[in-house]
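Number of protein chains: 2
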Amino acid sequence: MQDLSTLEDKTILTGDRPTGPLHLGHLAGTLQARVAPQDKNDVTILVADMQALTDNAGRAADVAANVREVVLDYIAAGIDPDRVTIVRQSDLPALSELTMLYMNLVTVPRLMRIPTIREEIAQRGFGDGTPAGFLCYPVSQAADITAFGADIVPAGADQAPLVEITGEIAGKVNRMAGRNVLVTPTLMQSNAPRLPGIDGAGKMSKSAGNAIALRDNPEEIRAAVMRMFTDPGHLKVSDPGKVEGNVVFTMLDAFDPDATAVEDLKHQYRAGGLGDMVLKRRLDGILQELLAPMRARREEAASDAGLVGHILEEGRKRAHMTTMETLGDVRRAFGLEGRPGRSAALTELVSLGEDCEAGKVHEGLVGAISASHTRFSA
Amino acid sequence: MQDLSTLEDKTILTGDRPTGPLHLGHLAGTLQARVAPQDKNDVTILVADMQALTDNAGRAADVAANVREVVLDYIAAGIDPDRVTIVRQSDLPALSELTMLYMNLVTVPRLMRIPTIREEIAQRGFGDGTPAGFLCYPVSQAADITAFGADIVPAGADQAPLVEITGEIAGKVNRMAGRNVLVTPTLMQSNAPRLPGIDGAGKMSKSAGNAIALRDNPEEIRAAVMRMFTDPGHLKVSDPGKVEGNVVFTMLDAFDPDATAVEDLKHQYRAGGLGDMVLKRRLDGILQELLAPMRARREEAASDAGLVGHILEEGRKRAHMTTMETLGDVRRAFGLEGRPGRSAALTELVSLGEDCEAGKVHEGLVGAISASHTRFSA
Chain A
1 MQDLSTLEDK
11 TILTGDRPTG
21 PLHLGHLAGT
31 LQARVAPQDK
41 NDVTILVADM
51 QALTDNAGRA
61 ADVAANVREV
71 VLDYIAAGID
81 PDRVTIVRQS
91 DLPALSELTM
101 LYMNLVTVPR
111 LMRIPTIREE
121 IAQRGFGDGT
131 PAGFLCYPVS
141 QAADITAFGA
151 DIVPAGADQA
161 PLVEITGEIA
171 GKVNRMAGRN
181 VLVTPTLMQS
191 NAPRLPGIDG
201 AGKMSKSAGN
211 AIALRDNPEE
221 IRAAVMRMFT
231 DPGHLKVSDP
241 GKVEGNVVFT
251 MLDAFDPDAT
261 AVEDLKHQYR
271 AGGLGDMVLK
281 RRLDGILQEL
291 LAPMRARREE
301 AASDAGLVGH
311 ILEEGRKRAH
321 MTTMETLGDV
331 RRAFGLEGRP
341 GRSAALTELV
351 SLGEDCEAGK
361 VHEGLVGAIS
371 ASHTRFSA
Chain B
1001 MQDLSTLEDK
1011 TILTGDRPTG
1021 PLHLGHLAGT
1031 LQARVAPQDK
1041 NDVTILVADM
1051 QALTDNAGRA
1061 ADVAANVREV
1071 VLDYIAAGID
1081 PDRVTIVRQS
1091 DLPALSELTM
1101 LYMNLVTVPR
1111 LMRIPTIREE
1121 IAQRGFGDGT
1131 PAGFLCYPVS
1141 QAADITAFGA
1151 DIVPAGADQA
1161 PLVEITGEIA
1171 GKVNRMAGRN
1181 VLVTPTLMQS
1191 NAPRLPGIDG
1201 AGKMSKSAGN
1211 AIALRDNPEE
1221 IRAAVMRMFT
1231 DPGHLKVSDP
1241 GKVEGNVVFT
1251 MLDAFDPDAT
1261 AVEDLKHQYR
1271 AGGLGDMVLK
1281 RRLDGILQEL
1291 LAPMRARREE
1301 AASDAGLVGH
1311 ILEEGRKRAH
1321 MTTMETLGDV
1331 RRAFGLEGRP
1341 GRSAALTELV
1351 SLGEDCEAGK
1361 VHEGLVGAIS
1371 ASHTRFSA
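Chains as they are written, first to last, in my numbering: chain A, 1 to 378; chain B, 1001 to 1378.
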């Protein structure tokens, strides 16, 4: 990741699909990098449950349940919900409306040519059965990015074609509008390597069962480190060992604060005479130290039953207003009139239900709602 | 069209893409049939501007402008906006959200196999450039149909595969929900033949320049009838003429109230001795008589500058509530919580902006809106 800690006054959007608990791979990849810019920038983290459904419609209940876990993982990683907007994608109707409009500006072959989409379709083994929602998720992601007016999207290189298509859509909308209503985003590319799974067989992922989750307890962490793939040719302590492809060293590179010590260890390991257990104990100690405060923050947050709901509701209120304003601009570019533009403020009332019920508006609201119900039952 | 006048207590959805004025082809195809059931059924007519954009993104302003024309055409054709809900598709955010969810339940090859879509892609000459929105419009249409809980969809045979895919989606959602939250619709197929254009070269369409629009004035109607394709081999009045493919006879079959007289005329024409001008004058008289009261109703409606806006706003209020309730059910089937379910009534407040401002709620609303603005500018 480029140095996000130097950014100021940027609008930054990142997010995760809530398909499982966040793990060390996420931490090394983007989570740590989201903490740095949260003071001096407008940072939004989208819990992309609608995007998760594009390849998980069959396990929709899991996706919904994972939203809470992912928010707790954010808090664990040090993201401060008072400074960052954490919002659930399905809470923002403007994103669906923007997606529908943008889908008219992108062709099917353009989507099919995106390398990331082609790889993901192959990986998921959809075969002939790629859901329409999956093919179109880049359009949905363009809606996410532009809805918030994000100028910086921190993500891996695989996201470059998706940020590019977002720029194309923004350009088309701006030409239709005759002015720049949408921001063309810039990818801030991660230079962190993708963390392998503990089995060394691929990237770390919960579904592959090769992950260390942020929420794992000390015993789970230790057991995972002890199972970690090293060098299968390194049979005796005295044998020379290989560092490349040795997951323990990859983890030390990623998380050991003492890079010089790690280089010394690599030297000893290659020469022979350094046992895997020594390395694994060192890594276990580092990971325990890294994850213990995260687990503590997570447990504290989880013990407050209403906290996640409150965070998401606060995020929704803020993000609803922003995204509805963008939708209003885009609708006007398409020649569509009024509704969101006119009623963005009124729509915001939906967000204020609680406030209203507490205040003097209560009586009038109840009257208005009853009147509307009467009208429909008549 | 099967006899819609016998229907009772059905929920019926029909609609048109606002890409140009409605014409005799629409009148023969579905417009007349929509008038009959409007008393004893719950009829909604959707002005499908979002669907029109799926192949008209480049002329979005025309689509927006045509919405008003199409509503005036409905009134012209005898549809009573007090008994029928006339609503603009882009006014209903629930339809976009439903489409996004349904897109996860339909595969890309399933959409590409729909014969109607394949034909339309070929007709439009998209080549490799089919917009994603166009490929997915059957999903959007399934959202329309199910959002209103329509059990009857009156349409041509070309719509059968689209109603079928709607049934598939409804079945999947119902299985996810564990109960029947969505209605499986039935196509009520038109048996009216597709009306040819006045040039006899294809079906009547404004873009082909071969249509007689409901709003055409007497001179335009007469001129179109006089240009109408008959039998190019029928050079002299005394020559035998062909009835098949003769547009004048097709029009007489569709609109002449005296079917026996038309059969007699066909007989004479085939035998020879009946001139085209005699037939064209007859047809002109019939069309003038048919369209004059429609034009009068249209002109009266058009002279009331606020009428179309009022009709669409009334339609929106009713349809917003219905479609948000369906969205709430579908969201729950996908494991998504609360928002539309919880706040359907509050969202309805958006519809009540005017009422609110008039009433005692006003002061509180203004306060709430100011508070929310302050929060975002802070």
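The beta-carbon is built from N, C-alpha and C at its ideal position, and this holds for glycine as well.
Here B/A1305 carries a coil assignment [DSSP, helix/strand/coil].
Looking at the DSSP output, A/L283 sits in no beta bridge, so it has no partner there. When C-beta atoms of the region 118-130 of chain A are compared with those of the region 76-90 of chain A, fewer than three pairs fall below 8 Å, so the two segments do not count as touching.
Counting the other CB atoms within 10 Å of its CB gives A/P109 a total below 16, which places it among the exposed residues.
Neighbours of A/A57 across chain B, judged by C-beta separation under 9 Å: L1101, N1104, L1105, K1172, M1176 and F1334.
For B/R1088, the enclosing beta strand (DSSP E) stretches over residues T1085 to R1088. The C-beta separation of B/I1012 from B/N1041 comes to about 5 Å, placing the pair in contact by the 8 Å criterion. Three or more beta-carbon pairs drawn from the region 1011-1025 of chain B and the region 1057-1073 of chain B are found closer than 8 Å, and the two stretches are therefore classed as touching. Judged by DSSP in its simplified three-state form, B/M1321 adopts helix. At a cut-off of 7 Å between beta-carbon atoms, B/P1093 makes contact with chain A.
The shortest C-alpha to C-alpha distance from A/T250 to any of A/A208, A/S205, A/I198 and A/R298 is the one to A/I198. Restricting attention to alpha helix (DSSP H) runs no shorter than 4 residues, the region 1092-1169 of chain B encloses them at 1093-1102, 1108-1112, 1115-1124, 1132-1135 and 1137-1147, ordered along the chain. Between A/I145 and the set A/Q159, A/F134 and A/A132, the nearest pair of CA atoms involves A/Q159. Relative to the Cα of A/L7, the nearest Cα in the group A/Q51, A/D151 and A/G202 belongs to A/D151. Within the region 1108-1121 of chain B, the residues whose Cβ lies closer than 9 Å to any Cβ of chain A are, in chain order, V1108, P1109, R1110, L1111 and M1112. Chain order gives the chain B residues near A/E97 as P1093 and S1096, where near means a beta carbon separation below 7 Å.
For A/D128, the nearest beta carbon of chain B is closer than 7 Å to its own beta carbon.
Contact note: B/P1154 does not reach chain A at a C-beta cutoff of 9 Å; the least C-beta distance is about 24 Å. Within the same chain, G197 and G202 come within 7 Å of A/A208 by CB-CB distance, once the 5 residues on both sides are set aside. Between A/I45 and A/V106, the beta carbon gap of about 25 Å keeps them out of contact (Cβ cut-off 8 Å). The beta carbon of B/L1307 sits closer than 6 Å to those of A1301, all from its chain and outside the five residues before and after it, given in chain order. The region 1312-1321 of chain B and the region 1260-1277 of chain B do not touch, with fewer than three beta-carbon pairs separated by less than 8 Å.
A direct Cα-Cα distance of roughly 6 Å separates A/M100 from B/S1096. Look at B/T1054: its C-beta is under 7 Å from a C-beta on chain A. Not a single CB atom of chain B sits nearer than 7 Å to the CB of A/G241. Ranked by how close their Cα comes to the Cα of A/F334, the residues A/Y102, A/R281 and A/A60 have A/Y102 in first place. A/G200 and A/F148 have their C-alpha atoms spaced approximately 38 Å apart. Closer than 9 Å at the C-beta level to chain B, one finds these residues of the region 132-164 of chain A: A132, G133, F134, L135, C136, V139 and S140. For B/G1156, same chain residues with a beta-carbon under 6 Å away, outside a window of 5 residues either side, are S1190 in chain order. In terms of Cβ geometry, B/D1329 and B/V1181 form a close pair [threshold 7 Å]. According to the DSSP secondary-structure assignment, B/H1023 is paired through a beta bridge with B/A1213. At the C-beta level, B/N1104 and A/T30 stay beyond 7 Å of one another. One thing to note: A/A143 has its Cβ no nearer than 7 Å to the Cβ of A/L111. In the DSSP assignment, B/V1043 falls within the unbroken beta strand (DSSP E) covering D1042 to V1047. Under the Cβ criterion (8 Å, minimum of three pairs), the region 230-246 of chain A counts as touching the region 273-284 of chain A. Not a single C-beta of chain A is nearer than 7 Å to the C-beta of B/A1048.
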